[in-house]
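Chemist: In our numbering, the protein residues as written are 232 to 399.
Questions regarding the structure given below will be posed in turn.
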Ligand code: AR6
């Protein structure tokens, strides 16, 4: 059965098989959730990321999770809000491509942070609408995926916004 769960907390502590990193195109680490994931996973994660040749906005790449509980990390790059005129499409691509990659690795549980809503400046409300709509569409199109999608929200405002949006 597919399901969606909204949680408040630190994604590095997630019990999911896979966590998603809101990375930048270099995949060589940064601040925010990216910094937290690299710090918790250890230097082996950065070493593997160096072999990947970066990642374009909207695309996704997978690594092992190393010292994390999660077996895998999917690294995706959200849009810098307002920089391309294609914010909505590129943010949706992050969710779709991450889910496609997860499914192709047999992953059954995946935790997403609120991609692009920190350093990259995407307003929380529209970013949440896109995240929830895109994930619901993907799950509806993959009825036998048996996927649990966790929206891992770091702050109260994001958590409340996701809760409201998931109820719709
Ligand atoms: N667990 C869950 N969510 C978190 C955590 C955590 N440990 N830490 C932060 N968040 P951001 P972006 C939330 O800035 O906007 C990096 O430097 C945060 O509160 O991490 O996609 C990259 O290298 C916010 O809700 O990602 C890029 O350069 C959400 O995660 C750039 O930031 C996303 O905030 C990417 O910016």
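Even for Gly, the Cβ is constructed at its ideal location relative to N, Cα and C.
#1: Considering only heavy atoms of ligand 1, does any lie closer than 7 Å to the CB of residue 329?
#2: Please confirm whether residue 248 and residue 338 have their CB atoms less than 8 Å apart.
#3: CB residue 232 to CB residue 386, shorter than 8 Å?
#4: Going by beta-carbon coordinates alone, are residue 408 and residue 259 separated by less than 8 Å?
#5: Could you tell me how far apart the beta carbons of residue 313 and residue 304 are, in whole angstroms, since I believe they sit closer than 8 Å?
#6: Does the beta-carbon distance from residue 343 to residue 371 come in below 8 Å?
#7: Starting from residue 351, follow the beta strand (DSSP E) in both directions and report where the run begins and ends.
#8: If you measure from the CB of residue 303, is any heavy atom of ligand 1 nearer than 7 Å?
#9: Please indicate yes or no: does the CB of residue 347 lie closer than 7 Å to some heavy atom of ligand 1?
#10: Return yes when the C-beta of residue 387 is under 7 Å from any heavy atom of ligand 1, and no when it is not.
#11: Can you pull the DSSP bridge partners for residue 250?
Modeler: Taking the coordinates as given:
#1: Taking the first residue of the chain shown as 1, we reach residue 329 at position 98. Flag unset: Cβ of residue 329 not near ligand 1.
#2: Translated into positions along the chain shown, residue 248 becomes position 17. Translated into positions along the chain shown, residue 338 becomes position 107. Contact: yes.
#3: Counting from one through the chain shown, the residue named residue 232 turns up at place 1. Counting from one through the chain shown, the residue named residue 386 turns up at place 155. No, the pair does not count as a contact, with Cβ atoms beyond the cut-off.
#4: The requested residue 408 does not occur in the structure, where the chain is confined to residues 232 to 399.
#5: Along the chain shown, read from residue 1 onward, the residue named residue 313 stands at position 82. Along the chain shown, read from residue 1 onward, the residue named residue 304 stands at position 73. About 27 Å; that fails the 8 Å criterion.
#6: Taking the chain shown and counting its residues from 1, the one referred to as residue 343 is at position 112. Taking the chain shown and counting its residues from 1, the one referred to as residue 371 is at position 140. It is not a contact, given that the beta carbons lie outside the stated cut-off.
#7: Numbered from its first residue, the chain shown carries residue 351 at position 120. Looking at the DSSP string, residue 351 is not in any beta strand (DSSP E), and its letter there is neither H nor E.
#8: In the chain shown, counting from the first residue as 1, residue 303 sits at position 72. It does not: the Cβ of residue 303 is nowhere closer than 7 Å to a heavy atom of ligand 1.
#9: One-based indexing of the chain shown puts residue 347 at position 116. Closer than 7 Å to some heavy atom of ligand 1: that describes the Cβ of residue 347.
#10: Start at 1 with the first residue of the chain shown, and residue 387 comes out as number 156. In this structure, the C-beta of residue 387 stays at least 7 Å away from each heavy atom of ligand 1.
#11: Sequence index remark: in the chain shown, residue 250 carries index 19 (1-based). For residue 250, DSSP records a beta bridge to 304 and 342.
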